[in-house]
Amino acid sequence: MFVVTSEEMRRLDRLTIEDIGIPAMVLMENAGRAIAQEVLRVAAVRGGGDGGLVSAESDGRSQGVEHSSNAVDSAHRRECWLVLAGKGNNGGDGFAAARHLMEAGLAVDVALAVPAAELEGVAAAQAAIAARFGVPCLDASASGVPLRWERYSGIVDALLGTGAAGPPREPYAALIRAANASGLPIVAADIPSGMDADTGAVHAACIRAISTVALAFLKRGLVQHPGAEYAGQVTVAPIGIPTSLARGENVPVRYVNAQTAAAALGIDPHRSRAADTHKGTYGHVLVAAGSASMIGAGLLSAGAALRGGSGLVSWALPASLSPLAVNRPPELMLAPLAESPLPSHHLTPDQAAAATSPPRSRFTAAADSPDSRSSAVPAGWAAVPPQALAGLAASRSAMLIGPGLGRWACDTAWLRRVWEETRCPLVVDADALNMAAEATDFSAWKAPEGRPTILTPHPGEMSRLLGIPTAQIQQDRIGTAIRYAKEHGVVLVLKGACTVTALPDGRVYINGTGNPGMATGGAGDVLAGLIVSLLGQGLPAGEAAALGVYLHGAAGDRAAQLRPGGPASLLAGDIIAQL
Ligand SMILES: NC(=O)C1=CN([C@@H]2O[C@H](COP(=O)(O)OP(=O)(O)OC[C@H]3O[C@@H](n4cnc5c(N)ncnc54)[C@H](O)[C@@H]3O)[C@@H](O)[C@H]2O)[C@@H](O)CC1
Ligand SMILES: Nc1ncnc2c1ncn2[C@@H]1O[C@H](COP(=O)(O)OP(=O)(O)O)[C@@H](O)[C@H]1O
Ligand SMILES: [K+]
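Heads up, the numbering used here is the position in the sequence shown plus 41, with the first residue counted as 1.
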């Protein structure tokens with residue numbers, strides 16, 4: 042399913058009207074009917090009403106307003122809806138919807154935010170048709186015009202759509218505030234008025250809808266927070282603009298959920314296996330994760346990689362920490378790395394080779410704590426030569442580095458060597474991202490030619506990578522991810538609700554699975570392990586990342602449903618169990 046910007050939507054509208062020849066009035070007529078259908082569905086649900094109407098819509102038939110039974114008629118006769126209409130085509134959609142609602146047996150008023158004489162084009166034409174149809178139109182163009190909100194059962198928000206610029210001006214803002222304050226259910230036409238269609242940022246006055254009918258395509262703001270929350274339940278209504286047009290115009294952003302994953306990703310999300318395969322078919326991944334105080338991060342990442350379907354999973358960790366891995370799943374192999382007393386990133390190749398000898402007893406697990414930054418004798422990851430790790434990865438199908446790794450003196454230089462010498466596909470997460478963020482010259486780090494690299498920051502890590510506040514990132518997550526992926530030639534997974542996966546070629550996947558129960562320590566480690574598993578099974582990096590995000594969210598949703606305590610009681614390990 043494509044997700045468009047306002048500008049892309051305008052281009053697709055124009056191509057449909059001018060090149061394909063579907064008149065703007067026809068598109069608006071279809072839009073109005075789809076919005077009316079959604080109102081009828083909401084009215085039926087609220088009135089405990091007619092299931093037939095709801096199921097007619099969910100069947101995908103577009104006849105909802107034309108087949109009302111007597112029962113529906115009587116339910117709807119009690120309903121009186123207010124359509125708030127703006128000056129542009131979004132308002133035109135509102136007039137068309139009002140007419141369809143009246144025809145379906147509801148009482149309807151339109152409140153117009155501008156003097157009727159200011160309407161133009163197809164919106165003016167729809168207003169004129171609605172007037173001849175007998176739809177009452179109230180003038181709400183003067184700020185403070187009182188509307189008798191208590192008369193209505195619900196509101197259609199057709200004030201502002203993709204043509205809005207900046208915060209809603211008066212009287213739009215006052216109408217939005219009053220509509221929200223009325224407590225009535227609001228169905229938004231295309232987007233909630235007051236939401237930025239491209240980023241999902243909301244202005245001080247923004248409609249809080251229970252549902253939004255996205256016309257033709259999802260808009261970016263509908264699949265990013267806070268816009269997604271203000272939009273309520275979103276449905277996409279086909280209004281005549283062909284999907285092939287979006288494909289032809291190379292719209293880069295797609296939405297991934299249970300209905301759309303296969304088409305959006307071009308992959309069977311169930312990953313059915315050919316019969317004649319063996320463990321070698323499914324890759325051998327290396328997980329470099331965990332430290333003395335965060336050994337669980339390694340267990341979670343490696344556990345997720347196993348459930349992700351890898352043929353083999355090896356867990357790389359400093360040899361002195363091996364005893365801490367005693368409770369690992371039996372399927373998980375260990376790859377202990379010898380520690381060297383020399384600052385590891387200064388090692389010559391010969392010293393690195395010598396460092397594969399067994400660890401010395403003075404390297405204790407405790408020395409891997411953050412205190413080891415100041416410790417005289419480095420141990421733990423600080424004492425693992427980066428080239429030894431990169432060398433081990435050379436014979437693996439993919440490597441994950443970062444979860445629970447800890448921090449130590451000169452770790453940024455350490456990571457740089459891993460980054461520059463690791464030839465297999467690489468996933469970089471958590472502490473490894475924080476090390477990269479402290480590099481003053483990260484853009485100059487040279488990955489081996491052609492190596493796919495995936496970065497999986499949460500917004501806090503993204504903020505450190507970019508050196509800008511988290512709030513600024515959250516205001517335009519899609520734009521931020523696109524720019525970063527292109528600039529650094531990496532796949533960038535910006536985590537959080539509606540995770541954004543941006544590819545260096547400009548393609549973007551927005552994830553529709555997952556729930557707030559997943560905001561729990563270790564959930565990100567699970568994601569990173571799942572992604573490296575898919576990467577190691579040979580999926581292209583962008584698809585591995587986006588599919589991993591989708592499957593991780595879906596597993597989190599199943600896990601949340603199974604928990605007697607609901608989403609709040611979810612643990613990261615529950616997600617692995619549902620993979
Ligand atoms: N052919 C088309 O272009 C179609 C457009 N459709 C609808 O048209 C919408 C886009 O229509 P428009 O481009 O006319 O734009 P809008 O209807 O979103 O609004 C633009 C109008 O609102 C005013 N405005 C802009 N920013 C404002 C602000 N901050 N405060 C107050 N007033 C503001 C401007 O005067 C402008 O006339 C879509 O969202 C969709 O609902 C649908 O009818 C389908 C077909
Ligand atoms: N509200 C939410 N809705 C959907 N997914 C979420 C939500 N909160 C967190 N997640 C997901 O859970 C994971 C948390 O990762 P992260 O913040 O790195 O946690 P940790 O570092 O503790 O492992 C991410 O994949 C994120 O997208
Ligand atoms: K709207």
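Yeah, the Cβ is synthetic: ideal placement off N, Cα and C, and Gly gets one too.
Counting other Cβ atoms within 10 Å of its Cβ, residue 603 stays below 16 and is therefore classed as exposed. Here the alpha carbons of residue 546 and residue 167 stand approximately 42 Å from one another.
For residue 500, the enclosing alpha helix (DSSP H) covers residues 500-507. Counting only residues of its own chain and dropping the five nearest sequence neighbours on each side, residue 121 has a CB closer than 8 Å to the CB of 147, 148, 149, 150, 192, 193 and 194. Short note on residue 559: C-beta closer than 7 Å to some heavy atom of ligand 2. Take the alpha-carbon of residue 320 and the one of residue 511: they are about 42 Å apart. The Cβ atoms of residue 423 and residue 457 lie no closer than 8 Å to each other. Distance between residue 471 and residue 376, taken at the CA atoms: about 21 Å. The residue from 569, 514 and 587 with its alpha-carbon nearest to that of residue 554 is 587.
Nearest C-alpha to residue 450 among 425, 465, 442 and 239: 425. Close CB contacts of residue 474 within its chain, under the 7 Å cut and outside five residues either way in sequence, are with 443, 496, 498, 502 and 506 (chain order). The continuous stretches of alpha helix (DSSP H) do not include residue 483, and DSSP gives it neither H nor E. A distance filter of 7 Å between CB atoms and the heavy atoms of ligand 3 selects the following residues in sequence order: 131, 198, 199, 200, 201, 202, 229, 230, 231, 232, 233, 234 and 248.
Rounded to whole angstroms, the separation of the alpha carbons of residue 278 and residue 75 is 6 Å. Around the C-beta of residue 260, 16 or more other C-beta atoms lie within 10 Å, and the residue is accordingly described as buried.
In this structure, DSSP gives residue 608 a helical state, which the three-state scheme calls helix. Look at residue 331: its beta carbon is at least 7 Å from all of the heavy atoms in ligand 1. For residue 543, the enclosing beta strand (DSSP E) has its first and last residue at 541-543. For residue 254, the number of other beta carbons within 10 angstroms of its own is at least 16, and it is reported as buried. The DSSP-derived three-state label of residue 602 is helix.
Classified as exposed, residue 509 has fewer than 16 neighbouring CB atoms from the shown chains inside 10 Å of its CB. A contact is defined here as three or more CB-CB pairs under 8 Å, and the segment 195-203 fails this definition with respect to the segment 156-164. When the five nearest sequence neighbours on each side are left out, the beta carbons in the same chain lying within less than 8 Å of the beta carbon of residue 154 are those of 125, 126, 127, 128, 132, 181, 182, 200, 212, 213 and 216, in order along the chain.
Judged by DSSP secondary structure, residue 136 falls within the alpha helix (DSSP H) whose first and last residues are 130-144.
Between residue 421 and residue 359, the C-beta spacing is below 8 Å.
The beta-carbon separation of residue 357 and residue 430, rounded to 6 Å, stays under the 8 Å limit for a contact. Residue 295 is bridged by DSSP to 43 and 550.
With a threshold of 7 Å, the Cβ atom of residue 556 counts as near ligand 2, since some heavy atom of the ligand is closer than that. Between residue 568 and residue 590, the C-beta gap is smaller than 8 Å, which places the two residues in contact. Going by beta carbons, residue 542 and residue 549 fall inside the 8 Å limit. Taking residue 582 as the centre and dropping the five residues before and after it, the same chain places the C-beta of 466, 493, 494, 495, 532, 544 and 576 closer than 8 Å to its C-beta, in chain order.
For ligand 2, a non-hydrogen atom lies closer than 7 Å to the CB of residue 568.
Counting only runs that start and end inside the segment 237-268, the beta strand (DSSP E) elements of at least 3 residues fall at 252-256. Classified as exposed, residue 367 has fewer than 16 neighbouring CB atoms from the shown chains inside 10 Å of its CB.
For residue 375, the secondary structure class from DSSP, reduced to helix, strand or coil, is strand.
For residue 566, the number of other beta carbons within 10 angstroms of its own is at least 16, and it is reported as buried.
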